[in-house]
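Single-structure report; data block below.
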Amino acid sequence: MSADSLRLAVFGQPIAHSLSPLIHALFGAQTGLDVDYRAHETGPGTLRAALAHFHQEGGTGCNVTLPLKAEAAQLAQTTSERVQLAGAANTLLWRDRGWHADNTDGLGLVADLQRLGLNPAGQRIALIGAGGAAAGVLGALLATGPAELTIYNRTLASAEALRERHGAPAGLRAAALQHLPTADGIDLLINATSQGHRGDLPPLPEQLTTDSAVYDLNYGPAAAGLLSWCQQHAVPAHDGLGMLVAQAAESFYRWTGVRPEFQPVLERLQAQRGD
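In my numbering, each residue carries its 1-based index in the sequence shown increased by 5.
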């Protein structure tokens with residue numbers, strides 16, 4: 006690392022698989038900024054110490070991924086409204102002698118949906134899951150103005166609590182996951198569960214057609230099962246690689262004041278995995 010390098014990082018566990026160092030190196034090359042971005046294996050309960058050491062070594066900004074997003078939100082001295090609604094942070098920026106927390110996941114999702122021609126505005130959306138991933142994207146989805154959005158979750162109380170956190174607007178509903186297979190009139194289904202990591206699928210509605218679309222916040226093997234189901238049922242489907250790159254671009258902008266183009270970096274990653 007040179008004296009002029011911008012010291013950035015990602016903290017999480019496991020972290021060896023992370024694409025973030027490559028993504029931000031590509032952003033640095035694209036923008037002409039000298040970026041030093043490294044991945045740090047960091048378990049629950051150790052983030053405070055890891056951040057202190059990181060800042061002592063010149064770190065000014067970082068990403069936080071699973072399982073540390075809620076911990077990051079709690080440790081930060083100041084938080085954005087997005088973090089307050091999500092209860093989780095994925096981006097930290099050193100500001101005024103303390104860490105400021107933000108959450109760029111929802112912004113990344115909306116940017117990628119728009120890239121794909123799937124603008125959520127005016128759409129009937131089914132969001133599967135009510136955990137941290139769903140909470141992280143819900144605010145940004147609502148801000149686009151969907152016709153209606155229903156949160157489906159195994160535990161109805163969790164879906165209702167997430168709805169209440171956003172003020173329970175008329176177009177935002179909560180429902181038990183068992184009702185999803187009979188749901189009709191869905192334009193966009195978004196999977197925000199981690200079931201794909203175990204090779205499982207949520208109970209999907211047979212009424213999805215070629216006029217519908219499916220987006221999995223997961224990417225790679227964790228999204229393979231859902232994408233395969235969609236292919237068998239002739240439903241257009243996309244994984245979350247584009248969201249990963251787009252949310253990273255939002256983080257990069259907060260750290261540097263320079264907004265990189267995320268599509269060229271996404272195309273590089275897609276070519277690398279053989280898309």
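Virtual Cβ for every residue (Gly too), placed ideally from N, Cα, C.
Within the continuous beta strand (DSSP E) that includes residue i, where are the two ends?
i	result
G103	G103 to D107
E153	E153 to N158
R178	L177 to A181
I130	R129 to I133
A218	A218 to D221
L194	L193 to N196
L97	T96 to R100
G66	G66 to V69
Give a yes or no on whether the C-beta atoms belonging to residue i and residue j are separated by under 8 Å.
i	j	result
L249	L31	no
Y220	L193	yes
N95	T65	no
L112	E255	yes
G63	T83	no
Q237	T109	no
D101	R87	no
A91	A140	yes
L123	A218	yes
I195	L222	yes
G208	L182	The sequence given here places Pro at residue 208; Gly does not occur at that position. Result yes, Cβ atoms of P208 and L182 sit closer than 8 Å.
A242	C235	yes
A75	A93	yes
Y157	A175	no
V40	S10	yes
P151	G190	no
L27	C67	no
L114	L80	no
G245	L271	no
F257	H105	no
Could you check where the alpha helix (DSSP H) with residue i kicks off and where it finishes?
i	result
E46	From DSSP, E46 is part of no alpha helix (DSSP H) but of the beta strand (DSSP E) over V40 to E46.
V115	D110 to R120
R12	Run containing R12: none in the alpha helix (DSSP H); it sits in the beta strand (DSSP E), L11 to G17.
H29	S25 to T36
G63	G63 -> no alpha helix (DSSP H), and no H or E assigned at all.
E266	Looking at the DSSP string, E266 is not in any alpha helix (DSSP H), and its letter there is neither H nor E.
G141	G137 to A148
L167	L161 to R170
R87	E86 to A91
L80	K74 to L80
Any chance the CB of residue i is under 7 Å from a heavy atom of the ligand NAD?
i	result
R87	For the ligand NAD, the structure offers nothing, since it holds no ligand at all.
With 16 other CB atoms within 10 Å as the buried threshold, where does residue i fall?
i	result
A54	exposed
S7	Confidence at S7 is low in this model, with a pLDDT of 47, below 50, so the placement of that residue should be treated as unreliable; the coordinate-derived value is given next. S7 should be labelled exposed.
P49	exposed
W260	buried
L154	buried
Q275	exposed
G37	exposed
A239	exposed
A131	buried
A21	exposed
P186	exposed
L121	exposed
A34	exposed
Is there a C-beta anywhere in chain B that falls below 8 Å from the one on residue i?
i	result
N223	No chain B appears in this structure, which consists of one protein chain only.
Practice task
Count the C-beta pairs between the region 126 to 136 and the region 151 to 167 that are closer than 8 Å, then say yes if the count reaches three, no if not.
Solution key: yes
Practice task
Check whether the region 11 to 25 touches the region 33 to 47, counting contact only when three or more Cβ pairs, one atom from each stretch, lie closer than 8 Å.
Solution key: yes
Problem - Three or more C-beta pairs below 8 Å linking the region 264 to 278 and the region 208 to 222 - result: no
Practice task
Would you mind listing the alpha helix (DSSP H) stretches within the region 207 to 264 that are 4+ residues and don't spill past its ends, in chain order?
Solution key: 226 to 237 and 246 to 261
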